[in-house]
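The sequence shown runs -17 to 995 under the working numbering.
All C-beta atoms in this analysis are idealised placements derived from N, C-alpha and C, irrespective of residue type, glycine included.
Beneath this line is the structure, given in structure tokens, with notes to follow.
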Amino acid sequence: MQGRVHRAAGGMGVAFLVFAASLVLAVCARADGIPAPLGMHQWLDTSWTFERGAPGQVSMLHQSPDGFLWLSAAQSLYRFDGVRFERFLADDNQPISATRTMIDAPDGSLWIGLTTGGIVHLQGRHAVRYAKAQDAPYGTVSYIAVDPNGRVWAASNDTLHYLDGERWKKADAAVGYPGGNCSALLVDRDGTLWATTETSLLRKARGDKSFVDTGIKVSLVYSLFQAPDGKIWAAQRNLVGPLATADGRPYEGTVRFTWDSAGAVFARDGTLWLSTLGDGLKRIYLDAHGEPVAGQATETFTAEDGLSADYTWPILQDREGNIWVGTSAGLDRLRPSALARAPFPSNGHDFVLAPDTQAGVIAGTTNLPLMRLDGDRLTTLGDGGDGPVTPFRAALRDERGTVWLGSDDALWRWQDGTLARVAAVPAVPGMKRIRVQGIASDHAGGAWVSIWKHGLWHWHDGTWTKVSDVYAFALAAPSAGQLLALGRDGLMVYDKGVLSRTIDLSSLKLFDPTILSIHGSHTWIGGQVGWGVFDGKNVRAIHSRGEQIWGIAAIIETPEGDLWIDAVPAIFHVPAAEVSRVLASPDAVIGDFTSYNYLDGLPGRPSLITPIPGAVRTDDGKLWFATSNGVAFIDPGRIPYNPLPPPLSITAARIDGKDVALGEKLVLPRGAANLEIDFSALSLTMPERVKFMYKLVGWDQDWQDVGTRRTAYYGRLTPGSYRFVVRASNNDGVWNNQGVALGIEALPLFYQTLWFKLLCVAAFIPLVWLAYRARFLYLERSMRDRLEVQHAERERIARDLHDTLLQSVQGLVMHFQSVAERISSEPEARKAMDGALDRADKVVAEARGRVLDLRSDAQGELHEVLRKTGMELTAGQPMRFRALIEGRPRELSARVYWEVLAIAKEAMFNAFQHSNGTLIESEIAYLASGLRVRLRDDGIGLSEALLQDGRSNHWGLTGMRERADKILASFRILSREREGCEIEVMVPARLAYVRQPGLYSRLLERTLQWVKW
-17 MQGRVHRAAG GMGVAFLVFA ASLVLAVCAR ADGIPAPLGM HQWLDTSWTF
33 ERGAPGQVSM LHQSPDGFLW LSAAQSLYRF DGVRFERFLA DDNQPISATR
83 TMIDAPDGSL WIGLTTGGIV HLQGRHAVRY AKAQDAPYGT VSYIAVDPNG
133 RVWAASNDTL HYLDGERWKK ADAAVGYPGG NCSALLVDRD GTLWATTETS
183 LLRKARGDKS FVDTGIKVSL VYSLFQAPDG KIWAAQRNLV GPLATADGRP
233 YEGTVRFTWD SAGAVFARDG TLWLSTLGDG LKRIYLDAHG EPVAGQATET
283 FTAEDGLSAD YTWPILQDRE GNIWVGTSAG LDRLRPSALA RAPFPSNGHD
333 FVLAPDTQAG VIAGTTNLPL MRLDGDRLTT LGDGGDGPVT PFRAALRDER
383 GTVWLGSDDA LWRWQDGTLA RVAAVPAVPG MKRIRVQGIA SDHAGGAWVS
433 IWKHGLWHWH DGTWTKVSDV YAFALAAPSA GQLLALGRDG LMVYDKGVLS
483 RTIDLSSLKL FDPTILSIHG SHTWIGGQVG WGVFDGKNVR AIHSRGEQIW
533 GIAAIIETPE GDLWIDAVPA IFHVPAAEVS RVLASPDAVI GDFTSYNYLD
583 GLPGRPSLIT PIPGAVRTDD GKLWFATSNG VAFIDPGRIP YNPLPPPLSI
633 TAARIDGKDV ALGEKLVLPR GAANLEIDFS ALSLTMPERV KFMYKLVGWD
683 QDWQDVGTRR TAYYGRLTPG SYRFVVRASN NDGVWNNQGV ALGIEALPLF
733 YQTLWFKLLC VAAFIPLVWL AYRARFLYLE RSMRDRLEVQ HAERERIARD
783 LHDTLLQSVQ GLVMHFQSVA ERISSEPEAR KAMDGALDRA DKVVAEARGR
833 VLDLRSDAQG ELHEVLRKTG MELTAGQPMR FRALIEGRPR ELSARVYWEV
883 LAIAKEAMFN AFQHSNGTLI ESEIAYLASG LRVRLRDDGI GLSEALLQDG
933 RSNHWGLTGM RERADKILAS FRILSREREG CEIEVMVPAR LAYVRQPGLY
983 SRLLERTLQW VKW
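Set out below in structure tokens:
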């Protein structure tokens, strides 16, 4: 349970005496410049007993270099990270039995002496166990030491042993050991090995081969330890004190403590902590020479003060300065705290505070006499030392040092060491209870007083004057004649007792106003919800980032500019630089602040609205806070700070809920669904405030900020290699950014392996090819069906043309022929008519040819059909025709054949009719890459506009392009005016040919093309 070192037990007894002694020491610096130790009232105790998960009585404590705290309890070895007790299992899955001693070896391993005999050498989780077969000590191994030469020594109740190779040997006369029980060992800072027998103290200096008897006699020695000045101390039965100097001479001083102690620690603050067998802990203040401070009482901390039990055994100071002690009930940690509890009576309720001269504090309550704490003296105020027992609810120290106090029935004044009743509170007809809510100085020897539900009053020169019927929750007077009164309606400003204005505070969202605090030109305003600042003209709300500040009972701005806020969640400290930044920028948000709560020694929460004030600053710089459970103070100049980044450790892992062993790399089996990784940061001061962030490199994009959580969770990791890295910060925000890492390998299932993927690719390619072939055959069949439909349509059109249009045109021609034969008297008209009839005959002949084309079923060689067409077109004409062929002719698909033939004929007819050239040339190339058909002439060519838009009401070029698109062929026209024209159609081989060219043909064609080039 979280506790305090000294809790007042209802009066001013032991707790006060301890507090008084520690206060004297706190104000006296040591001669060597080291700050005076904190009194025990500033050490917080936390106990882990069986109810809190501790394994029970603790008989051994040790902190290893990795930061873990090791303890022996319940006949097993445990390790503790400040949060979890782990029963330690070695890599053979076996525990280590009751442990009497543990030390660090230079290589980072641990040597462990067992209560039941035997020794364990622990390297990580690998345990080498030495037992009777290796001649290890068979009695209780009480101490182990490693000398500067690396030799391991073990003290047991039968004799002294040392390790020689893989076996243990008994120390004998050859190494200067006389034999018999060895009760304690110590290697001091100079490398000297000290040992105790039943009667003697032995010493083996660095480099010596054997022990030397110092001549110093001892009895039963529980432990040996070295003081900061080098002296060797011993805890013997009912006696603790120095035995020898560092060079082996007997100690001749008089320091002796008659306690039965099993352990001791010389703390870094210069004090000596002793565990006792039944009398709790003892703390002794030592001077710079290692001697007890003259006249200073030894502090005692027992179960009455919060210790888990009075029977204490092992004790140590960890790397961060905390004191750990094992007791018969469990484990205790004592650590310096920021806040200390003042020794006012524990039964005091609703404290109201006012600073007295120098370090003194005046404290009133609602149930005890008025008190004054000044250094080491706590007194009651009033006649006969009893003082008035009346509820005090308001207090103020004015600019002259006078302390004003308001009770339920009167106004009081503490001045020059005298408490006086100034005046009775003005009576209110019909009201049985009247109380003073707030007091402010009028800077003229009087006071402004707010009386609950009875308005605002001014007392001066023995007279009460009512200022307003509206009472205020809090008062503040910036100067003579001016008063600020905080009420429900806002901030009321009075000048010489007259209300001059009321400032709207709705923007602050106070809910209920609680406090005013003036500092220079600005005034802090607090409420149950919000808070803000008034600069003399305007008010603005103050907000914080992260933890919210609310329920404000007091605001103190120090002369250095720091801001301390007494609020419900905690006491908040805002540094001066942050305060200046926020005051200078209207939109600024407080981001740099520190909070202090129960973990820092705060005993309770503040009272709101009354009493006022709930926090004050004394002249020595200390800040005092009234809480629901007593009064606490903090010295801003001596707040404990932890500069050590925490060591990190990955402690456990689970795959699908099953624990797995940790090594250099964690291998996830195939199909693993869930991975959990436990980690710890070994900052033992305040584990509750240790923060973590982690990242799985290769999976997480950013660091995962998980606060205080000590487990990482991952699911369904894809196969591959990962690196898990975790970082942590201690209680004061000091980060270990180096972190600790664990390699992770996720094994793939068979369908996630590379060979399976390659196999899928290998199987997929034939499937794609088969799908392609099926699609090709489908398209080919579809094309054939469409061609048959087109052929039938062509037959129908041809019949219709032959049976209707051609017959009609032929009949019309014959009719004109008969008319022409009657025209004999006009030769010119007859000649013109004959010419027209000749042309009509040509049109009929051409139309018949077109009809023949439509009705043709034959699909001959494309180049041969084009050659015949060209020869027929140019027969008897001045235009010549030439046919060229390249490659071996191949069988063409029907659709491509007819579409290409139509394009070629259209091009030839157009060249014959419109080019005015002398040559038409066709070039057909059966290439491996495809079918290429070129038609060219040497005529007048085509203009750019004609190439773009074609002739009006002529569809030749458009039709050719459309036919090319239907068979997925490329279509190109190359032409310039007066330079002829060339039309090229290129059909890919996969579409043009019935049988595709082989690989050899394609390679050969490309080779020939390269040679030509």
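Can you give me the Cβ contacts of residue i inside the same chain, cut-off strictly under 7 Å, excluding the 5 residues immediately before and after it?
| i | result |
| --- | --- |
| Leu729 | Val649, Leu650, Pro651, Arg652 and Pro701 |
| Val247 | Trp255, Ile297, Leu298, Gln299 and Ile305 |
| Leu998 | Summary: the structure shown does not reach residue 998, with the chain confined to residues -17 through 995, and so no result is reported for it. |
| Met668 | Leu581 and Asn713 |
| Arg483 | Val475 |
| Phe193 | Val157, Gly158, Tyr159, Ala177, Leu184, Arg185 and Lys186 |
What residues in its chain sit with their C-beta under 6 Å from that of residue i, if we drop five residues either side in the sequence?
| i | result |
| --- | --- |
| Arg379 | Ala336, Pro337 and Val385 |
| Thr204 | The sequence given here has Tyr at residue 204, not Thr. Closer than 6 Å at the Cβ level, and outside the excluded window around Tyr204, lie Ala217 and Ala244. |
| Asp14 | With a pLDDT of only 47 at Asp14, under 50, the local geometry of the prediction cannot be trusted, and no value is derived from it. |
| Asp996 | The chain is shown from -17 up to 995; residue 996 falls before or after that span and cannot be answered. |
| Pro593 | Asp332, Val334 and Arg375 |
| Ser310 | Gln39, Ala291 and Tyr293 |
| Pro629 | Asp48, Gly49 and Leu664 |
| His442 | Gly428 |
| Thr361 | Arg354 |
| Cys10 | Caution applies to Cys10, whose pLDDT of 39 falls short of 50 and renders its modelled position unreliable; the model cannot decide the point. |
Grouping DSSP H, G and I as helix and E and B as strand, with all else coil, what is residue i?
| i | result |
| --- | --- |
| Tyr453 | coil |
| Ile433 | strand |
| Trp737 | helix |
| Cys963 | strand |
| Glu180 | coil |
| Arg849 | helix |
| Val564 | helix |
| His23 | helix |
| Trp685 | coil |
| Thr856 | helix |
| Arg945 | helix |
| Ile747 | helix |
| Met42 | strand |
| Thr174 | coil |
| Phe493 | coil |
| Glu658 | strand |
| Gln105 | strand |
| Phe891 | helix |
| Asp287 | helix |
| Phe607 | strand |
| Val194 | strand |
Could you name the residues that DSSP lists as bridge partners for residue i?
| i | result |
| --- | --- |
| Met474 | Ala467 and Thr484 |
| Arg652 | Partner(s): none; Arg652 has no beta bridge. |
| Ile547 | Ile537 and Phe554 |
| Met353 | Ala345 and Thr362 |
| Met675 | Asp687 and Arg709 |
| Tyr120 | Looking at the DSSP assignment, Tyr120 forms no beta bridge with any residue, so it has no partner. |
| Gln299 | Ile305 |
| Asp638 | DSSP lists no partner for Asp638. |
| Leu929 | According to DSSP, Leu929 bridges with nothing at all. |
| Glu903 | Arg864 and Arg918 |
| Ser54 | Met42 and Leu59 |
With a threshold of 8 Å on Cβ separation, who are the neighbours of residue i within its own chain once the five nearest residues in sequence on each side are excluded?
| i | result |
| --- | --- |
| Gln978 | Ala971 and Arg972 |
| Gln76 | Ala109 |
| Ser925 | Glu959 |
| Leu909 | Glu868, Gly869, Ala971 and Glu987 |
So residue i and residue j are supposed to be a Cβ contact under 8 Å. How far apart are they, rounded?
| i | j | result |
| --- | --- | --- |
| Ala694 | Ile659 | 5 Å |
| Ala153 | Ile101 | Not really, about 15 Å apart at Cβ, beyond 8 Å. |
> Fully enclosed by the segment 197 to 228, which beta strand (DSSP E) runs are 3 residues long or longer?
Replying inline: Within the segment 197 to 228, the complete beta strand (DSSP E) runs of at least 3 residues fall at 203 to 208, 214 to 218 and 221 to 226.
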